[in-house]
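Heads up: the structure comes next, in structure tokens.
Residue numbers (UniProt numbering): 1 to 1146.
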């Protein structure tokens, strides 16, 4: 093992004392309770499961467990355990949450009770798991994506489909959902400020900040969700927050989790950024190349050390790997102890014999574990006479932790189910209003606990419930004016939970304030989401309006527009339609914002009325207003203004159509396409036939619009253009026919394949037919009589395969292009030979170059860490999680072992279209699929005739053109990812997703006629393509196009990337960041590492020496670099230091 220099490691426990640990938690005496399973992933037929809950004790405090007791056995894959004192525990066991108790204190449970049942069992590693006590007296536990739970409680049936976190209060039996979503969340902790953080063992988001009612990816029915703090990060399991005096001071508050695929124990720093958080991965605590080291849980030990549960298994996959693979280990398991020898161990109090005053004092301890056990012990004394008098005395004592004591006292009151102490709570909020700088970092958790204290009384039908909720509402209302963003987030959530007319007004007041601030609302993801959610929740109150809301909307038109977009229904749209000044249509900004919102949410009938009024309005503004409406309605498929055809026809009848401006023809063309107009046919035909001198771009728009009409006259004109027009006109005409009359376009497309100027377009047209089986047959039949140039056939074959493939068409292409029928078929003999070569001669370095070949499209589909595509699984730790034989099989037979979360659906629509993709969201109305080309397609449920499991989006035969040596190297590279250090994505803050400028004669000419500054100006003559760094974070120079501005200037390449700047001080508007260049030669401090490179920041030239200390404002910035290829000859990487991270390019 390789450790952080400050750390040491020893074995705390191992088999046979403990086998296959899944989750572990300490009790207040320092004993470690472990849920273990030798049956995972599935019990063998006829086998009687005997999985166990084991309690480990370090009796002599030497850092090694000497005692091991089986507390409970006979279990089937227990996925969580948490002690309730030293003699009882809750256990997550399949469909049930169980409670075991040792009544005679012999260390073995003799009572078993079913606390709850009805949890789903669809997948054994998605069962309810990760039991954690919260500071509020509640038990939190998680479930994962494939589970559907229906739990009967005294308060009714509680349901959770898919992933999420449950919250259960044992004292009252209340069960609710804390948040929804995630794929497989096996980590959850609460930090010092009372905020929750989560890790997901099947996502690539690193650390995620969670709050009440938050929704995350994959939640069924969700149309919007939040993402994690570390996009592209490897999957992580388990989570702990570092605290206590034994931990190095600079690590206090950092989070520890496990990259079990790459055999690493990882550390992340997390700091607030308004209502959000910024997380950065730090150097690992532990790494190893040992194939069986599988850290899956982490807990702070009583002495301040960190314990790591090691599943210990060379095989970890569940769905993709044979349950009976002989390499699966079912016998071993280890728990490691990470310590810091230069620092004294933490003392561990005797909680059970401590007085109430002593326990309260422990709530201020540096160790969060000490605080939590003090709370749990205090929970047993909540009903003691005078208990809260003692608590109040403790809170009011002198000291610098008043905010901590106040929050801890409130958590105790919440645990005791006490009503709000309104007067002191209101006084505290008023003090924050008077001095906003006095708002502590735990204010949101404190207000959250106040609200829950009141809300749980309502659930219990307590006599004081009505007054308690009224008091809670007063606190929320008072807090609405406080500008602290973290507190604002909590207020927004509670306004949605209150769901009253009063809370609706507060929401709009907050929205108005935030929209008027200097920072865009989108820069605070959590607030943006929570406002959207709460405004939707309270829509029935605000859509009818009141005087206060009317005043808000008058003063802040964007507030109403934003709210209407959030709700997205006809009642909301009517509010805007009734407010627009139709008789005096002007350039008023309010009308523009409202019109955009109307276009996004109004019904067809409402849009029809809007269009009619626009066309009859001020002629000087018709064009702009119609264009605004078209922009807003364009993303809405099958939604067009009612009677649009008649309205536009009436307008055209009053115009001299032969003299219409190009800009007017533009909106007419767009309206024809988007709104399916017929009345514009004569206007379009006339323009196409008589205005041959119009700009090629305009003629293309007219021809595309004409194609959408699909009338005999239109088709006749298109066929004529397709055969005899200019190249640009022919391209537009064939493109139109492919969409409107795909059968008639078949011979045109095949002819275009043989023309250099049309070949690429023809390739795309043919590939677009793959979703129509009847059309593919026509292409195959026609092509069987053709001869294609071999290069054309190869390119076409690659494109067809990349789009999903079709066996009949592929065979026809091979025959037409006279290509060899070489196909890799993985026989046992070939498999053994290839794997032997992987071990003996395979080169991961050469394999990375194979992986990066554009024709294979690996980078387009897969990410490695933060860089790459989204279609397929992130491969960042593939080698650490998969054996070489599984890697090889997945390459040559992609559908044999589909990665969890990447199963495809094959959908047949009522139009005869077959669509294959990965489901990324589903509501009652539509399914959203990510297709093989990376685009997202939404399909209405009502239009689906059949929905069946599909194959992998990785096309079969994609690697057929590789030599055996190349296939071996590619397998070697993939098997090294996340396993070998040089092919493991580092924790450095590097730019990994960029863009590079494409060489075209037009772009080079533009540089020649202007200057290199033009490359940083978003000039339309210059196009860019996505670029991903090598695994080591370097840009491969050979992949960059070269430009020659003038004959005597050196060849130059261009790259650009965006960065997000987030100053540590949430009130700061600017901060200094550093860009450092990395290359093969170590010139970091030589002063000339930027030689040969010029830089622009947000389009303005910037001396490269200033990149070492660059002041930038909060938000996103674009960095553009030119690279003198004569001066810079080795691959380069760009590292960021300071309060900035690379923005994602996807």
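Positions of the beta carbon are idealized from the N, C-alpha and C atoms, including for glycine.
The structure displayed is predicted, hence computed values, not measured ones.
Note down, one range per segment and in chain order, each beta strand (DSSP E) of at least 3 residues found wholly within the stretch 812-841. none
Thinking just about the alpha-carbon of each residue, which of 129, 435, 351 and 925 is nearest to the one in residue 163? Numbered from its first residue, the chain shown carries residue 163 at position 163. The candidate whose alpha carbon is nearest that of residue 163 is 129.
For the structure I just gave you, are there three or more beta carbon pairs, one from the stretch 242-262 and one from the stretch 165-177, closer than 8 Å? no
Tell me the DSSP secondary structure of residue 1146 in three-state form. The residue labelled residue 1146 in the question sits at position 1146 within the chain shown. Confidence at residue 1146 is low in this model, with a pLDDT of 44, below 50, so the placement of that residue is unreliable and no value is reported for it.
State the DSSP-derived secondary structure class of residue 1162, mapped to helix, strand or coil. Only positions 1 to 1146 of the chain appear in the structure, and residue 1162 is not among them; the question remains open.
Cβ shell of residue 403 (< 7 Å), same chain only, five flanking positions each side left out: As a working mapping, residue 403 is identified with position 403 in the chain shown. Counting only Cβ-Cβ distances below 7 Å, and skipping sequence neighbours, we find 440 and 442.
Exposed unless 16 or more other CB atoms sit within 10 angstroms - verdict on residue 828: One-based indexing of the chain shown puts residue 828 at position 828. Around the beta-carbon of residue 828, fewer than 16 other beta-carbon atoms lie within 10 Å, marking it exposed.
In whole angstroms, what separates the C-alpha of residue 979 from that of residue 48? As a first step, residue 979 is located in the chain shown; it is residue number 979 there, counting from the start. As a first step, residue 48 is located in the chain shown; it is residue number 48 there, counting from the start. Computed Cα separation, rounded: 36 Å.
So residue 470 packs on residue 419, CB below 8 Å; how close in whole Å? For this step, residue 470 is matched to residue 470 along the chain shown. For this step, residue 419 is matched to residue 419 along the chain shown. With 8 Å as the limit, residue 470 and residue 419 do not qualify as a contact, their Cβ atoms being about 11 Å apart.
Can you give me the Cβ contacts of residue 99 inside the same chain, cut-off strictly under 6 Å, excluding the 5 residues immediately before and after it? Counted from its first residue, the chain shown places residue 99 at position 99. Hits under 6 Å: 90, 113 and 115.
Taking 7 Å as the limit between beta carbons, can you name the residues of its chain near residue 552, skipping five residues before and five after? The residue labelled residue 552 in the question sits at position 552 within the chain shown. The residues are 508, 509, 512 and 559.
Cutting at 7 Å between CB atoms, please list the residues of its own chain near residue 893, excluding the five before and the five after it. As a working note, residue 893 is residue 893 in the chain shown. 826, listed in sequence order.
Give me, in chain order, the residues of the same chain whose beta-carbon lies closer than 7 Å to that of residue 806; leave out the 5 immediate sequence neighbours on both sides. For the purposes of this step, residue 806 is identified with residue 806 of the chain shown, where counting begins at 1. The beta carbon of residue 806 sits closer than 7 Å to those of 770, 776 and 800, all from its chain and outside the five residues before and after it, given in chain order.
Got a sec? Which residues, its chain only, sit under 7 Å from residue 332 by beta carbon, not counting five neighbours each side? In the chain shown, residue 332 corresponds to position 332, counting from 1. The residues are 15, 19 and 312.
For the putative contact between residue 880 and residue 263, defined by C-beta atoms under 8 Å, what is the C-beta separation to the nearest angstrom? Numbered from 1 along the chain shown, position 880 holds the residue referred to as residue 880. Numbered from 1 along the chain shown, position 263 holds the residue referred to as residue 263. Correct: roughly 6 Å between the Cβ atoms.
Residue range of the alpha helix (DSSP H) that includes residue 623: Residue mapping note: residue 623 aligns to position 623 of the chain shown, counting from 1. Counting along the chain, the alpha helix (DSSP H) containing residue 623 begins and ends at 619-633.
Answer with buried or exposed for residue 646, where buried requires no fewer than 16 other C-beta atoms within 10 angstroms of its C-beta. In the chain shown, residue 646 corresponds to position 646, counting from 1. By the neighbour-count rule (16 or more Cβ atoms within 10 Å), residue 646 is not buried but exposed.
Residue 199 bridges to which residues according to DSSP? As a working mapping, residue 199 is identified with position 199 in the chain shown. Per DSSP, 187 and 207.
Excluding the 5 residues preceding and the 5 following residue 425 in the sequence, name in chain order all residues of the same chain whose CB lies nearer than 7 Å to its CB. Here residue 425 is taken as the residue at index 425 of the chain shown, counted from 1. Excluding positions up to five away in sequence, the list reads 450 and 475.
Enclosing beta strand (DSSP E) for residue 33 [first to last residue]: Here residue 33 refers to the residue found at position 33 when the chain shown is read from its first residue. It spans 32-36 - the beta strand (DSSP E) in which residue 33 sits, taken as one unbroken run.
Straight-line CA distance for residue 429 to residue 29? Numbered from 1 along the chain shown, position 429 holds the residue referred to as residue 429. Numbered from 1 along the chain shown, position 29 holds the residue referred to as residue 29. Looking at the backbone, the Cα of residue 429 and that of residue 29 are separated by about 39 Å.
Residue 903 vs residue 949 beta-carbon contact at 8 Å: Reading the chain shown from its first residue, position 903 is the one you call residue 903. Reading the chain shown from its first residue, position 949 is the one you call residue 949. Yes; because the gap between Cβ atoms is below 8 Å, this pair is in contact.
Within its chain, find whatever has a CB closer than 6 Å to the CB of residue 448; leave out the 5 residues flanking it on each side and keep chain order. The residue given as residue 448 occupies position 448 in the chain shown. Counting only Cβ-Cβ distances below 6 Å, and skipping sequence neighbours, we find 490.
Can you pull the DSSP bridge partners for residue 67? Against the chain shown, residue 67 aligns to sequence position 67. Beta-bridge pairing links residue 67 to 57.
Report the option in 10, 228, 121 and 929 whose CA atom is closest to the CA atom of residue 341. Walking along the chain shown from the start, residue 341 turns up at place 341. The option with the nearest alpha carbon to residue 341 is 10.
Let me check one thing: in DSSP terms, what residues is residue 1133 bridge-paired to? Within the chain shown, residue 1133 is the residue found at index 1133, counting from 1. Answer is 1078, bridged to residue 1133.
As a quick exercise: from 1120, 1071, 1108 and 1048, pick the residue whose alpha carbon is nearest that of residue 1094. In the chain shown, counting from the first residue as 1, residue 1094 sits at position 1094. Restricting attention to 1120, 1071, 1108 and 1048, the CA atom closest to the CA of residue 1094 is found in 1120.
What are the boundary residues of the beta strand (DSSP E) that residue 129 is part of? The residue you call residue 129 lines up with position 129 of the chain shown. For residue 129, the enclosing beta strand (DSSP E) begins and ends at 129-133.
Please report the residue range of the alpha helix (DSSP H) in which residue 541 lies. The residue labelled residue 541 in the question sits at position 541 within the chain shown. 539-542 is the extent of the alpha helix (DSSP H) around residue 541.
For residue 1082, does the count of other Cβ atoms within 10 angstroms reach 16, so buried, or fall short, so exposed? Locating residue 1082 in the chain shown gives position 1082, counting from the first residue. Legend: pLDDT at residue 1082 = 48, less than 50; position of this residue unreliable, value from coordinates given subsequently. Its Cβ having fewer than 16 others within 10 Å, residue 1082 is exposed.
Taking the beta carbon of residue 180 as the centre, do at least 16 other beta carbons fall within 10 Å, making it buried, or is it exposed? By one-based count along the chain shown, residue 180 stands at place 180. Residue 180 should be labelled buried.
Please check the pair residue 284 and residue 987, which I expect to be a contact at CB under 8 Å, by giving their CB distance rounded to whole angstroms. The residue labelled residue 284 in the question sits at position 284 within the chain shown. The residue labelled residue 987 in the question sits at position 987 within the chain shown. Contact flag correct, Cβ pair sits at about 7 Å.
Considering only residues of the same chain and omitting the five flanking positions on each side of residue 78, which have a CB-CB separation below 6 Å? Position 78 of the chain shown, counted from the first residue, corresponds to residue 78. 35, 51, 91 and 93, listed in sequence order.
Have a look at residue 989 and residue 1072 and give me their C-alpha separation to the nearest angstrom. Residue 989 sits at position 989 when you count from the first residue of the chain shown. Residue 1072 sits at position 1072 when you count from the first residue of the chain shown. Cα to Cα, the separation comes out at about 16 Å.
So for residue 954, helix, strand or coil by DSSP? As a working note, residue 954 is residue 954 in the chain shown. Three-state result, residue 954: coil.
Within 10 Å of its beta-carbon, does residue 2 have 16 or more other beta-carbons around it, so buried, or fewer, so exposed? In the chain shown, counting from the first residue as 1, residue 2 sits at position 2. Exposed is the call here.
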